[in-house]
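Below is one structure, written out as structure tokens, with a few remarks after it.
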Amino acid sequence: MKEHEYLMIVAMEECAEIQQALSKSLRFGLDDTHPETPELSNEKQVLLEFYQLCAVMERLQKERVLQTPSEMQIDDIKTRKMEKVAHFMKYSKSKKII
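Following this note's numbering, the numbering of the sequence shown begins with 46 at its first residue and continues without gaps.
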């Protein structure tokens, strides 16, 4: 296995950990904590996992495995995503899901 492949697997694992942290936040609330880690709320866990993913992604960019988009491209990606989220949220509301 090459180093970049290893890092990509780590990124995949971080994505799964974000999913788990978000799921627990929805099930038990953002302020809830695990009995073994009372100092770490679900909200803090979500953010911890997110920034750990960011660290791995930044390493992949630094190693030039992934391209680094310009700030303008990043802003455009985020804007388009939020427009899409708003569109489908409106649809979900029309279906009385939200």
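Built from N, CA and C at the ideal position, the CB exists for glycine as well. Only a predicted model underlies this, so the values are computations on that prediction, with no experimental measurement involved.
With fewer than 16 other beta carbons inside 10 angstroms of its own, Ala131 counts as exposed. The residues Gln106, in chain order, have a CB closer than 8 Å to that of Gln112 in the same chain once the five nearest residues on each side in sequence are set aside. In the three-state scheme derived from DSSP, where H, G and I count as helix and E and B as strand, Thr113 is classed as coil.
Residue pairing from DSSP leaves Ser68 without any beta-bridge partner. Here the segment 56-68 lies against the segment 91-111, with 3 or more beta-carbon pairs under 8 Å apart.
Between the alpha carbons of Ser139 and Cys99 lies a distance of about 35 Å. Annotated three-state conformation of Leu85 is strand, per DSSP. Residue pairing for Thr124: DSSP places it in no beta bridge.
Nearest in C-alpha terms to Arg72, of all of Pro83, Glu88, Glu58 and Glu81, is Glu88.
Around the Cβ of Glu59, a 10 Å sphere holds 16 or more other Cβ atoms; the residue is buried.
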